[in-house]
């Protein structure tokens, strides 16, 4: 069984260089350049296109989902604490902020932020999904929770041809998936395009590579991928 997979929509998953929080969502958004993602019951993340990618995943605060829609520009990111903010690479130009509905919720809100002279500028916002059981800062294989943290995005791939990603792209029939998800929804096409989140993996390899630096028991295979309308594994 694959570890929790987060979904960010196609437009983001196919973006250039991306930094992501472990978490993705159901929705469509603009292409990504240097981006970072913050995801979880209520926390943060960020990533750039021409720079190293970074991802941050974490549960957000209760009021964060509201502030995501109201925020236009700020020195910081809604619901993202100073420690996590400090983990976002200075060269990151974009952040994908994934705010979970709760620590045990599989539903999230995703917002794209661009770094400006005045702070982080809010862009597109859409609904998303994370792992079935929510979030954890101690992820293990098959716990059905998405890992919280800051992670880089360096490699993409999918069942379909490279749509123009600026990341190294691995096309393979091994991305084929079938069956149904937890909500009975069809999973076909979920891995047409994916971006690997660098949690317990070797950067610079295909998303399909199963090298696990922290050990197999800590899980892996955390991806941004096309949403299928339900919680991830």
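Numbering (my numbering), first residue to last: 52 to 284.
Yeah, the Cβ is synthetic: ideal placement off N, Cα and C, and Gly gets one too.
In this text the structure is predicted, and so the values were computed from the model without any measurement.
- Contact annotation: the region 190-200 does not touch the region 212-221, with fewer than three C-beta pairs closer than 8 Å.
- Between residue 161 and residue 179, the C-beta spacing is below 8 Å.
- Cβ atoms of residue 159 and residue 152 come within 8 Å of each other, at about 7 Å.
- Residue pairing by DSSP places residue 247 opposite 206 and 274 in a beta bridge.
- Straight-line measurement puts the Cα of residue 273 at about 20 Å from the Cα of residue 163.
- Annotated as distal: residue 147 and residue 171, with beta-carbon spacing of 8 Å or more.
- Contiguous beta strand (DSSP E) elements confined to the region 136-163 occur at 145-151, taking only those with 3 or more residues.
- Residue 191 holds the alpha-carbon nearest to the alpha-carbon of residue 266 among 207, 230, 232 and 191.
- In chain order, 229 place their CB closer than 6 Å to the CB of residue 239, counting only its own chain and leaving out the 5 sequence neighbours on each side.
- When C-alpha distances from residue 140 are compared across 252, 202 and 129, the shortest belongs to 202.
- Taking the C-beta atoms as reference points, residue 208 is found nearer than 8 Å to residue 223.
- Annotated as proximal: residue 185 and residue 157, with beta-carbon spacing under 8 Å.
- Relative to the Cα of residue 275, the nearest Cα in the group 154, 284 and 138 belongs to 284.
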